[in-house]
Amino acid sequence: MPLLERISNNGLPVSVSLCGLAVTIVVVAALLQRRKQAQRLNVLGSRAPAYPSKLPLGVDTLYKLVRHMRQDTFFEFTRELLDNPGRTVELNIPGGRLLLTDNVDNIKAIQFTQFSDFGKGERTHKIWENILGDSVFSTDGPLWVKNKDELRPHLAKSRPNDLEITEKHTQRLFDHFRRGEPLEVYDVIDRHQLDIVTDIFYGESTNSLVEKEQPFRDAMDAMLRLASVRTILGPLAGLFPDWLFARKAYMELNAYMNTRVDRTLALSREELLKKEQKMNLMETLAVKQPDRKYIKDQLIAVLLASKDPVAITVSWLIYELSRHRDVFEKIEREIRDTIGFEKHPDGEALKNLPTLKNAVKETLRLYHPLGLNIREVKADTCLPTGGGADGQQPIGVLKGEQVAYAVMSSQRREAVMGFADVDTWDPCRWENWTPTSSQYLPFNIGPRICLGRVFGHLQMEYTVARMVQEFDRIEWCGYAGAAPDDEPMRIKIELNTKFDKPIMCKFIPRSTA
Numbered sequence: 215m216p217l218l219e220r221i222s223n224n225g226l227p228v229s230v231s232l233c234g235l236a237v238t239i240v241v242v243a244a245l246l247q248r249r250k251q252a253q254r255l256n257v258l259g260s261r262a263p264a265y266p267s268k269l270p271l272g273v274d275t276l277y278k279l280v281r282h283m284r285q286d287t288f289f290e291f292t293r294e295l296l297d298n299p300g301r302t303v304e305l306n307i308p309g310g311r312l313l314l315t316d317n318v319d320n321i322k323a324i325q326f327t328q329f330s331d332f333g334k335g336e337r338t339h340k341i342w343e344n345i346l347g348d349s350v351f352s353t354d355g356p357l358w359v360k361n362k363d364e365l366r367p368h369l370a371k372s373r374p375n376d377l378e379i380t381e382k383h384t385q386r387l388f389d390h391f392r393r394g395e396p397l398e399v400y401d402v403i404d405r406h407q408l409d410i411v412t413d414i415f416y417g418e419s420t421n422s423l424v425e426k427e428q429p430f431r432d433a434m435d436a437m438l439r440l441a442s443v444r445t446i447l448g449p450l451a452g453l454f455p456d457w458l459f460a461r462k463a464y465m466e467l468n469a470y471m472n473t474r475v476d477r478t479l480a481l482s483r484e485e486l487l488k489k490e491q492k493m494n495l496m497e498t499l500a501v502k503q504p505d506r507k508y509i510k511d512q513l514i515a516v517l518l519a520s521k522d523p524v525a526i527t528v529s530w531l532i533y534e535l536s537r538h539r540d541v542f543e544k545i546e547r548e549i550r551d552t553i554g555f556e557k558h559p560d561g562e563a564l565k566n567l568p569t570l571k572n573a574v575k576e577t578l579r580l581y582h583p584l585g586l587n588i589r590e591v592k593a594d595t596c597l598p599t600g601g602g603a604d605g606q607q608p609i610g611v612l613k614g615e616q617v618a619y620a621v622m623s624s625q626r627r628e629a630v631m632g633f634a635d636v637d638t639w640d641p642c643r644w645e646n647w648t649p650t651s652s653q654y655l656p657f658n659i660g661p662r663i664c665l666g667r668v669f670g671h672l673q674m675e676y677t678v679a680r681m682v683q684e685f686d687r688i689e690w691c692g693y694a695g696a697a698p699d700d701e702p703m704r705i706k707i708e709l710n711t712k713f714d715k716p717i718m719c720k721f722i723p724r725s726t727a
């Protein structure tokens, strides 16, 4: 008897029965595939502890990951997952196996010693393509090398007028501070950095500190939030395309960038070359490769690399300084004794402010701007450690699988840091402590080390130094009713590590102190 006839005779609608049959086939095929993968893994090395999953294909595990991300408890949840001898855990989710680790040996292997075994991968490229395109942050191989080499001259050093541009926008920032009322710190600091970065690299500032409407910034934030969730969804990300689920943001982002890139491309090569050393990054890219998509991809990548780490770090630093008056006063004394309160600091003067430098480093340790990073395995290989009952055995990983590593989590481990109060912000510890490159990774190590680390450090130190020059103190004003003021601040994981509640502070000018 034909299959469809037997189904019909059993009293079930054909469509329902076929749907159930299809689901069964998919599940069985996936289970057989995982069995074959397990056999390959056994040849490569041991396994990391597996997080228990109750539903087929790890649907419940994926749900928990997304739920914790939405509830701003993702950092705490993953930290608990990694509480095992090898500091590595295996998560089985739809689409395959995901390894999560904060083991410093594994992080070093991914970033440096086994760099060629791990890349961004096609999945990450596809998820982020409408934001990062084919830029340095989403590509591998020769294209990545080309992108890196073209951006390095602009990001690896400061330009003569960087601080002049920074000061112009810092004065606008201080106009907000001088209003004498509590304000949301991250909001104004993020706008401050957006204005600086677009002014320096695009040749035209967004002026978000003075404009009421901020369509470009709002669009970028919306796209990043969705992309962060899509990254966790992995192969299911295609069901939630950003051009559909963040359509307005998608249109705004492209409209803003296309208008400015097209304006630059309208200039002739001869007109651009007349500027010689005064060309901004957009103009330089237009000379090298006059293609809208190419230029737009690189500029958005530079924006994210230059703005977000600085804005996040400075905001966390202000949050801590408002609660640690003693550190603020120590920085204040150093500035008074070396620069004074009238003269604006330059790069050389900032070198003579050790407490400020230590405060920046401690903030980068405790609140690493990038909470989680993901790499795709290029070929069957193994991580050096984290497997077996003792957590000391190599872990096999297969081509196409993904490994997520958590630098912020590793920098909050007593066994790695060598001190007990790992969750406490204490810049003074840096006076007698020099971590190794495996302990402290503010800008990564290896070939993908952050190109903008010099620019970033200068922006962080200059902004805070000028703030201390102009203001007598920072007053912590709680969370503006968003939560009880004694509730601890949680870390919000998106692409970067932000705040789950508004940081409200008041800045008291020196003239009225």
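Note that the numbering used here has the sequence shown beginning at 215, numbered continuously upward. In this text, a Cβ means the ideal position worked out from N, Cα and C, and glycines have one as well. In this text the structure is predicted, and so the values were computed from the model without any measurement.
Please report the straight-line C-alpha distance between residue i and residue j, rounded to a whole angstrom.
i       : j       : result
Asn-710 : Leu-518 : 10 Å
Ile-688 : Thr-327 : 44 Å
Gly-272 : Pro-356 : 36 Å
Thr-595 : Lys-360 : 26 Å
Glu-381 : Val-424 : 15 Å
Val-280 : Leu-447 : 8 Å
Glu-418 : Asn-494 : 10 Å
Asp-686 : Glu-395 : 15 Å
Arg-337 : Leu-377 : 39 Å
Met-681 : Tyr-693 : 22 Å
Arg-431 : Met-471 : 12 Å
Lys-507 : Arg-474 : 12 Å
Ile-514 : Ser-623 : 28 Å
Asp-456 : Met-434 : 12 Å
Glu-615 : Ala-593 : 9 Å
Met-283 : Glu-484 : 50 Å
Asp-511 : Thr-498 : 14 Å
Leu-597 : Ala-323 : 7 Å
Trp-690 : Ile-532 : 9 Å
Arg-366 : Ile-588 : 23 Å
Please determine, among the options, the residue with the shortest C-alpha to C-alpha distance to residue i.
i       : options                            : result
Val-516 : Tyr-416, Val-257, Pro-263          : Tyr-416
Gly-310 : Val-399, Leu-450, Leu-438, Ala-433 : Leu-450
Pro-302 : Val-617, Tyr-508, Asn-375          : Sequence check: residue 302 is Thr here, not Pro. That would be Val-617, whose Cα lies nearest to the Cα of Thr-302.
Ala-264 : Leu-313, Gly-554, Val-399          : Leu-313
Phe-669 : Phe-633, Ile-307, Leu-531, Val-411 : Val-411
Val-630 : Pro-649, Ala-433, Val-591, Leu-570 : Pro-649
Val-621 : Ser-651, Pro-661, Val-528          : Ser-651
Val-257 : Phe-657, Asp-413, Pro-608          : Pro-608
Pro-723 : Glu-427, Asp-389, His-671, Ala-262 : Asp-389
Leu-580 : Lys-334, Gln-653, Leu-295, Glu-427 : Gln-653
Asp-401 : Asp-413, Arg-392, Leu-387, Arg-393 : Leu-387
Asn-320 : Pro-374, Ala-460, Val-611, Glu-701 : Val-611
Lys-712 : Pro-698, Phe-329, Trp-530, Gln-673 : Trp-530
Leu-346 : Asp-297, Tyr-464, Ala-252          : Tyr-464
Phe-657 : Pro-583, Arg-254, Arg-293, Phe-459 : Pro-583
Lys-462 : Glu-562, Pro-429, Glu-490          : Pro-429
Gly-585 : Phe-291, Tyr-277, Leu-255, Arg-254 : Phe-291
Does residue i come out as helix, strand or coil in the three-state DSSP assignment?
i       : result
Ala-463 : helix
Asp-686 : strand
Met-718 : strand
Leu-584 : coil
Arg-444 : helix
Arg-589 : strand
Cys-417 : Per the sequence shown, residue 417 should be read as Gly rather than Cys. Reduced to three states, the DSSP call for Gly-417 is coil.
Glu-304 : strand
Ser-260 : strand
Cys-664 : coil
Phe-454 : coil
Gly-272 : helix
Ile-532 : helix
Tyr-732 : Outside the displayed span of the chain (215 to 727) sits residue 732, for which this structure offers no information.
Val-424 : coil
Cys-691 : coil
Leu-314 : strand
Thr-577 : helix
Lys-706 : strand
Phe-326 : helix
Val-611 : strand
Gly-670 : helix
Does residue i come within less than 8 Å of chain C when only Cβ atoms are used?
i       : result
Arg-393 : Structure shown: chain C not included; a single protein chain is present.
>> Whether or not the segment 600-618 and the segment 633-652 are in contact is what I'm after, with contact meaning three or more pairs of Cβ atoms, one per stretch, closer than 8 Å; do they touch?
In response: Because the criterion of three Cβ pairs below 8 Å is not met, the segment 633-652 and the segment 600-618 do not touch.
> Any chance the segment 406-413 sits against the segment 710-722, with 3 or more Cβ pairs inside 8 Å?
Replying inline: A contact is defined here as three or more CB-CB pairs under 8 Å, and the segment 406-413 fails this definition with respect to the segment 710-722.
> Are the segment 520-537 and the segment 328-341 in contact at 8 Å, needing three or more beta carbon pairs?
Replying inline: No, the segment 520-537 is not in contact with the segment 328-341.
> Does the segment 565-578 come close enough to the segment 534-545 to have 3 or more Cβ pairs within less than 8 Å?
Replying inline: The segment 565-578 makes contact with the segment 534-545, as at least three CB pairs between them are under 8 Å.
>> Between the segment 468-484 and the segment 435-446, can you find at least three pairs of beta-carbon atoms closer than 8 Å?
In response: No: the two stretches stay apart, fewer than three of their Cβ pairs being nearer than 8 Å.
> Taking the runs of the alpha helix (DSSP H) that are 4 residues or longer, which of them lie wholly in the segment 343-409?
Replying inline: For the segment 343-409, whole alpha helix (DSSP H) runs of length 4 or above, ordered along the chain, are 355-369, 376-391.
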